[in-house]
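Chains as they are written, first to last, in the working numbering: chain A, 239 to 579; chain B, 239 to 579. Inspection log for the structure reproduced underneath, given as structure tokens.
Number of protein chains: 2
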Amino acid sequence: MTNRPPPVVSSLQDLADIAGVSRATVSRALNDSPFVNANTKTKLQALARKYNYTINRRAREFRLRQTRVVSVVFMLDLHSDQHPSDPFFLEMLGSIADGLASHDYDLLLAHAPVTDVRDLADSRIVRHADGVIFVGQGEQHETLNQLVDTGRPIVVWGGSAANRRYVLVGGDNAGGGYSATSHLLKQGRQRIAFFGNTRTPENGARFSGYQRALTQANLKSDQKLVVNIPSDMQHAQTAIENLLNKGIDMDAVVCTSDVMAIAAISALAELGVSVPDDVAVIGYDDIRMASYSSPPLTTIRQGIQRAGGVLVDSVLALINGHQVESTTLASELVIRRSCGG
Amino acid sequence: MTNRPPPVVSSLQDLADIAGVSRATVSRALNDSPFVNANTKTKLQALARKYNYTINRRAREFRLRQTRVVSVVFMLDLHSDQHPSDPFFLEMLGSIADGLASHDYDLLLAHAPVTDVRDLADSRIVRHADGVIFVGQGEQHETLNQLVDTGRPIVVWGGSAANRRYVLVGGDNAGGGYSATSHLLKQGRQRIAFFGNTRTPENGARFSGYQRALTQANLKSDQKLVVNIPSDMQHAQTAIENLLNKGIDMDAVVCTSDVMAIAAISALAELGVSVPDDVAVIGYDDIRMASYSSPPLTTIRQGIQRAGGVLVDSVLALINGHQVESTTLASELVIRRSCGG
DNA sequence: TACATATTTGCAATCGATTGCAAAAACACC
DNA sequence: GGTGTTTTTGCAATCGATTGCAAATATGTA
């Protein structure tokens, strides 16, 4: 087929030589500049396709001093020594990846838990990216505030917190906590436990919703039922075991994540407590597995798919120097069998 | 504290000017070259720290024509329209991320399902990275073979397949399928179903192990019990419903992933079938949730943590021009309640 | 045709780090 | 001090794309 010895085209100059124009013109043509004759432009673009040439990204980024990379940092709970294994992260990551890809940005995945702003600001995660998306605030609210002062475009998924200076995207956590709890109350549950690390803004808000629902039902929250633990499976399991061992009366649990709820249900079942008959359990996030667990999980749906898009749009807007407002996405109660649905 | 007006140090030249040497010397000093006087070297390194200067990665990569980036591509099942939500992916990703980070490489996450090699070879995923790790082969064995011919360093997590030319890292799938099945047989189960897409090399091997165990027990595999479906929750659920609706006799299910097993258990429970009393279920991967589901899941453990390290070491060795052997990691049966263990 | 104006194109500097080669400095030894 | 080695350092070219400015070409008008 191809009997022409294929010249190696590895730079604008090569293509310019073939076309008999200057590399400046080729550069402009491929970047769709208005200062190039329309015919020339089409011809050069066709030529680039023909020789399977694409602009050298490294050279371009070097010259333009940009990276076209956005870092994604998952804020791990420092009190939980586990690697992230919550599918919520994966679903969020997928949704962010899609959003970035559709804008031709790359996604740099950060791994390390974050403690010090200085370290962070100097790190590759931040320096080597045009912007950063943080998923969750952990207990690093103030760190994030300081980071925004360095002028870096950053966007955070999480809950609202006092004196916030960074752009926030998040669900309606107070509303979610409220509707979860009041749903259980409507079912006649009275002794409702709350599992989660309330020091994070997201969970703090969910907890306040939980309390509001109790107050509204003329119930007082019982400190013995409020279990302040990292949102992972191990802690949820242990918490159930502790409550049952101590013989604390309880007929429902509100968890701040679906994986906690799933682990709680398993722990209850292992100890012979029936879900939902004896104890109802409700999760948070509506990860895909929520509808496939045993029993299927009642939960608060956060629009994870939409979240990724909003996070990406926000960070790209910041990168392009625009003003960006924080966003709150609606949360929605999804009723399934785990609370007697 | 700092009363000296802080000079902005943004290039080797700036630092060289301050130190009164040439930028060549600074470059060599910061790269720990042996051709620099030890004193000079320490002095310059201290200076760099003091002025909070780090080498401009973009410039360096441009000059060196490397990226220090490794792409990770999750091979999605083309017959499954779902985004990845299997925690196996997340755990694998975390383990790869750690491995790369410890070698100072970045992780570029690829999103799109892959069909055509040409597209892939031209894509940013491949061009913009020094190497690529594929997680799973899907049904793209031949595509991967062709891609390796382009001379790119690629490493694949998966199962062995005929005429393979790429470097493979994987578990002992035939062994895993065999030990899962023979464990069930030892428990007296006779009508054992198999769920999974056997067209992928990994699952093909697991299926062959399943068959070998049956043959060894003088049982013939029943086509009605072999359900060829993508390894996701939706399909597993539907498969259970179909089998039960058709009244097909069965007392156990071997699944090619834990999420399938979890969904199968849920579907069975919803239809009033007890696990493990009526039907035993066994999964694959030993994701963290396996031990927290209801009932806890018997499964085949793949050393996911170790896998990431091996994948990373292999791809970096390829990038550095070394010869690399394929690796098979041991698989291990983990017995929990879901099969009566 | 001559001149003014608008469109296109090319020249050449630039981004910051690396490295082959040559020059300079340090050292060794007589 | 002179000469030969070995260590250090500096010079300057290079990677590939972008862009301000000037030059060239095309177009319009009298």
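Beta carbons: idealized from backbone N, C-alpha and C, even for Gly.
> Just the Cα atoms here: how many angstroms apart are residue 477/A and residue 471/B?
Replying inline: 28 Å
> In terms of residue numbering, what span does the beta strand (DSSP E) encompassing residue 537/B cover?
Replying inline: 537 to 540
> Would residue 426/B be called buried (16 or more neighbouring beta carbons within 10 Å of its own) or exposed?
Replying inline: exposed
> So, residue 447/B versus residue 416/B, is the Cβ gap smaller than 7 Å?
Replying inline: yes
> Can you tell which of 342/A, 442/A, 422/A and 502/A has its C-alpha closest to the C-alpha of residue 480/A?
Replying inline: 502/A
>> Can you give me the C-alpha to C-alpha distance between residue 486/B and residue 314/A, rounded to a whole angstrom?
In response: 46 Å
> For the segment 458 to 487 of chain B, which residues have a beta carbon sitting closer than 7 Å to at least one beta carbon of chain A?
Replying inline: 471 and 475
>> Any contact between the segment 377 to 390 of chain A and the segment 327 to 343 of chain A? By contact I mean 3 or more CB pairs, one from each, below 8 Å.
In response: no
> Pick from 558/A, 279/A and 578/A: whose alpha carbon is nearest that of residue 389/A?
Replying inline: 558/A
>> Counting only Cβ pairs nearer than 8 Å, list the residues of chain A close to residue 497/B.
In response: 527 and 530
> With a cut-off of 8 Å, do at least 3 Cβ pairs link the segment 486 to 498 of chain A to the segment 509 to 527 of chain A?
Replying inline: Judged by Cβ distances under 8 Å, the segment 486 to 498 of chain A makes contact with the segment 509 to 527 of chain A, as three or more pairs qualify.
> Nearest CA to the CA of residue 410/B: which residue from 564/B, 252/B, 251/B and 573/B?
Replying inline: 564/B
> Under a three-way DSSP split, which group does residue 274/A fall into?
Replying inline: DSSP, reduced to helix, strand and coil, places residue 274/A outside both helices and strands of the structure shown, so it counts as coil.
> Alpha carbon to alpha carbon, how far is residue 500/A from residue 540/B?
Replying inline: 22 Å
>> In the DSSP assignment, the alpha helix (DSSP H) including residue 501/B goes from what residue to what residue?
In response: 496 to 508
> How many Å lie between residue 505/B and residue 473/B at the Cα?
Replying inline: As the crow flies, the alpha-carbon of residue 505/B is around 11 Å from that of residue 473/B.
> Do we get a CB-CB distance below 7 Å when we pair residue 503/A with the residues of chain B?
Replying inline: yes
>> Can you tell me whether residue 264/A is buried or exposed? The criterion is at least 16 other CB atoms within 10 Å of its CB, across all chains shown.
In response: buried
>> Against residue 611/B, what residues of chain A qualify as contacts under a CB-to-CB distance less than 8 Å, listed in chain order?
In response: Residue coverage of chain B in this structure runs from 239 to 579, which leaves residue 611/B outside it and unanswerable.
> How about the segment 270 to 280 of chain B and the segment 271 to 281 of chain A: do they share at least three Cβ pairs that are nearer than 8 Å?
Replying inline: no
> First and last residue of the alpha helix (DSSP H) that includes residue 337/A?
Replying inline: 325 to 340
>> I'd like to check one pair, residue 393/A with residue 363/A: are the Cβ atoms closer than 7 Å?
In response: no
> What residues in the segment 553 to 571 of chain A bring their beta carbon closer than 8 Å to a beta carbon of chain B?
Replying inline: Those would be none; no residue qualifies.
>> Excluding the 5 residues flanking residue 497/A on each side, which residues of the same chain have their C-beta closer than 6 Å to its C-beta?
In response: Cβ within range, chain order: 324 and 471.
> So residue 445/B and residue 467/B are in contact, right, with Cβ under 8 Å, and what is the actual spacing, rounded?
Replying inline: At roughly 12 Å, the Cβ-Cβ gap does not stay under 8 Å, so residue 445/B and residue 467/B are not in contact.
> Which residue comes first and which comes last in the alpha helix (DSSP H) that contains residue 525/A?
Replying inline: Note, residue 525/A: premise wrong, no alpha helix (DSSP H); not H, not E.
> What's the call for residue 239/B, buried or exposed, on a 16-neighbour Cβ count within 10 Å?
Replying inline: Residue placement at residue 239/B is poorly supported in this model, since its pLDDT is 44, which falls under 50; the coordinates still yield a value, given next. So residue 239/B counts as exposed.
> Does the Cβ-Cβ distance between residue 482/A and residue 509/A come in under 7 Å?
Replying inline: Between residue 482/A and residue 509/A, the C-beta gap is smaller than 7 Å, which places the two residues in contact.
> Where are the beta strand (DSSP E) runs, 3 residues long or more, that stay fully inside the segment 396 to 431 of chain B, in chain order?
Replying inline: 405 to 409
> Taking Cβ positions only, does residue 366/A come closer than 7 Å to chain B?
Replying inline: yes
>> I'd like to confirm the pairing. Which residues does DSSP put opposite residue 345/A in its beta bridges?
In response: 308/A
>> So, for residue 412/B: in the same chain, excluding its five sequence neighbours on each side, which residues have a beta-carbon less than 8 Å away from its beta-carbon?
In response: 443, 444, 446, 447 and 450
> By Cβ distance, which residues of its chain are closer than 6 Å to residue 348/A, with the 5 residues on each side in sequence left out?
Replying inline: 309, 311 and 363
> Alpha carbon to alpha carbon, what distance is there between residue 340/B and residue 423/B?
Replying inline: Straight-line Cα distance between these residues: approximately 44 Å.
> Helix, strand or coil for residue 565/A per DSSP?
Replying inline: strand
>> Just to confirm the assignment, what range does the beta strand (DSSP E) spanning residue 520/A have?
In response: 518 to 520
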